[in-house]
Amino acid sequence: MAIDRNLHIIVADRSETMQKHIRHILRAHGYTNVTLASNGIEVARLVHSSTVEFIVSAWNLPKIKGIDILRRIRSMEATRDIPFLMVTSRGDTSYVDAARRHGVSAYLVKPFTPDAFMRAFTAALTRHGLIAQA
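The numbers in our numbering rise by one with no breaks, and the one at position 58 of the sequence shown is 177.
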(Lines of atoms letter the chains of each structure in order from A and count residues from 1; the text may use other names and numbers.)
(Lines give C-alpha, C1' and ligand atoms only; values in the text may rest on other atoms or scores of the structure.)
Protein backbone atom coordinates (compact mmCIF):
# COMPACT_ATOMS: atom_id res chain seq x y z
CA MET A 1 0.00 0.00 0.00
CA ALA A 2 1.41 3.40 -0.97
CA ILE A 3 1.75 6.10 1.65
CA ASP A 4 -0.29 9.25 1.02
CA ARG A 5 2.34 11.94 1.51
CA ASN A 6 -0.32 14.64 1.17
CA LEU A 7 -1.83 13.80 4.58
CA HIS A 8 -2.94 16.92 6.45
CA ILE A 9 -0.72 16.82 9.55
CA ILE A 10 -1.00 19.11 12.57
CA VAL A 11 2.19 19.65 14.57
CA ALA A 12 1.44 21.13 17.99
CA ASP A 13 4.12 22.26 20.42
CA ARG A 14 4.55 25.33 22.59
CA SER A 15 8.05 25.74 21.12
CA GLU A 16 8.14 27.26 17.65
CA THR A 17 11.62 25.78 17.25
CA MET A 18 10.28 22.27 17.91
CA GLN A 19 7.32 22.84 15.57
CA LYS A 20 9.68 23.84 12.77
CA HIS A 21 12.09 20.97 13.54
CA ILE A 22 9.30 18.40 13.21
CA ARG A 23 7.95 20.09 10.08
CA HIS A 24 11.46 19.96 8.59
CA ILE A 25 11.71 16.22 9.29
CA LEU A 26 8.31 15.61 7.73
CA ARG A 27 9.10 17.71 4.66
CA ALA A 28 12.42 15.89 4.20
CA HIS A 29 10.34 12.70 3.89
CA GLY A 30 7.89 14.22 1.41
CA TYR A 31 5.08 15.28 3.77
CA THR A 32 4.34 18.90 2.83
CA ASN A 33 0.78 19.47 4.07
CA VAL A 34 1.78 20.43 7.63
CA THR A 35 -0.02 22.97 9.81
CA LEU A 36 1.68 24.30 12.95
CA ALA A 37 -0.16 25.02 16.22
CA SER A 38 1.17 26.45 19.47
CA ASN A 39 -1.66 25.54 21.84
CA GLY A 40 -4.49 23.08 22.31
CA ILE A 41 -7.24 25.51 21.33
CA GLU A 42 -5.63 25.93 17.91
CA VAL A 43 -5.52 22.13 17.51
CA ALA A 44 -9.19 21.77 18.48
CA ARG A 45 -10.16 24.54 16.04
CA LEU A 46 -8.19 22.92 13.21
CA VAL A 47 -9.67 19.48 13.88
CA HIS A 48 -13.20 20.87 13.73
CA SER A 49 -12.69 23.18 10.74
CA SER A 50 -10.60 21.09 8.36
CA THR A 51 -9.76 17.55 7.37
CA VAL A 52 -6.97 16.50 9.72
CA GLU A 53 -5.38 13.14 9.02
CA PHE A 54 -2.55 13.01 11.58
CA ILE A 55 -1.74 14.84 14.82
CA VAL A 56 1.72 15.24 16.34
CA SER A 57 1.32 16.87 19.74
CA ALA A 58 3.35 17.74 22.79
CA TRP A 59 1.88 16.70 26.14
CA ASN A 60 2.31 20.07 27.80
CA LEU A 61 0.53 22.47 25.44
CA PRO A 62 -0.89 25.77 26.69
CA LYS A 63 -4.67 26.17 27.08
CA ILE A 64 -5.56 22.50 26.42
CA LYS A 65 -2.99 19.80 27.22
CA GLY A 66 -2.01 17.29 24.56
CA ILE A 67 -3.41 14.41 26.63
CA ASP A 68 -6.78 16.22 26.80
CA ILE A 69 -6.76 16.72 23.04
CA LEU A 70 -6.10 12.99 22.67
CA ARG A 71 -9.05 12.20 24.96
CA ARG A 72 -11.36 14.47 22.94
CA ILE A 73 -10.18 13.08 19.60
CA ARG A 74 -10.74 9.50 20.72
CA SER A 75 -14.17 10.27 22.22
CA MET A 76 -15.71 11.55 18.98
CA GLU A 77 -16.83 9.20 16.21
CA ALA A 78 -15.62 11.51 13.42
CA THR A 79 -12.08 11.83 14.80
CA ARG A 80 -11.38 8.70 16.81
CA ASP A 81 -9.30 7.07 14.06
CA ILE A 82 -6.91 9.98 13.47
CA PRO A 83 -3.34 8.81 14.17
CA PHE A 84 -1.94 10.67 17.20
CA LEU A 85 1.79 10.82 17.96
CA MET A 86 2.61 12.21 21.40
CA VAL A 87 6.04 13.88 21.40
CA THR A 88 7.09 14.91 24.89
CA SER A 89 9.88 15.18 27.43
CA ARG A 90 7.71 13.15 29.82
CA GLY A 91 9.16 9.65 29.70
CA ASP A 92 7.85 8.40 33.06
CA THR A 93 5.88 5.18 32.73
CA SER A 94 2.84 6.84 34.32
CA TYR A 95 2.66 9.30 31.40
CA VAL A 96 3.22 6.61 28.78
CA ASP A 97 0.55 4.43 30.42
CA ALA A 98 -1.93 7.32 30.54
CA ALA A 99 -1.36 8.07 26.87
CA ARG A 100 -1.84 4.39 25.98
CA ARG A 101 -5.06 4.20 28.02
CA HIS A 102 -6.42 7.09 25.98
CA GLY A 103 -5.47 5.54 22.65
CA VAL A 104 -2.23 7.23 21.62
CA SER A 105 -0.95 5.78 18.35
CA ALA A 106 2.74 6.25 19.21
CA TYR A 107 4.75 7.96 21.96
CA LEU A 108 8.17 9.57 21.50
CA VAL A 109 10.34 11.11 24.22
CA LYS A 110 12.33 14.29 23.51
CA PRO A 111 15.07 14.76 22.54
CA PHE A 112 14.86 12.51 19.50
CA THR A 113 16.65 12.00 16.21
CA PRO A 114 14.93 12.44 12.85
CA ASP A 115 15.15 8.66 12.37
CA ALA A 116 13.48 8.00 15.73
CA PHE A 117 10.74 10.48 14.86
CA MET A 118 10.07 8.82 11.51
CA ARG A 119 9.99 5.36 13.14
CA ALA A 120 7.32 6.58 15.58
CA PHE A 121 5.43 8.39 12.80
CA THR A 122 5.49 5.27 10.61
CA ALA A 123 4.41 3.09 13.55
CA ALA A 124 1.38 5.34 14.07
CA LEU A 125 0.48 5.16 10.37
CA THR A 126 0.84 1.38 10.44
CA ARG A 127 -1.26 1.05 13.59
CA HIS A 128 -4.10 2.86 11.83
CA GLY A 129 -3.78 0.80 8.66
CA LEU A 130 -2.52 3.70 6.56
CA ILE A 131 0.52 1.70 5.46
CA ALA A 132 1.04 -2.02 5.31
CA GLN A 133 3.30 -3.68 7.85
CA ALA A 134 6.61 -4.85 6.43
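Even for Gly, the Cβ is constructed at its ideal location relative to N, Cα and C.
Where VAL215 is concerned, the enclosing alpha helix (DSSP H) starts and stops at 212-220.
For the options ASN125, THR198, ASP216, the alpha carbon positioned closest to that of THR154 is the one of ASN125. Here PHE173 has LEU126, ILE128, PRO202 as same chain residues with Cβ atoms under 6 Å from its own Cβ, once five neighbours each way along the sequence are excluded. If you check the CB distance, LEU227 and LEU249 do not come in under 8 Å. Fully enclosed alpha helix (DSSP H) runs of no fewer than 4 residues occupy 159-168 of the stretch 136-168, in order along the chain.
Taking 8 Å as the upper bound for CB-CB distance, VAL162 and ILE144 are not in contact here, some 19 Å apart. For PHE203, the enclosing beta strand (DSSP E) starts and ends at 203-207.
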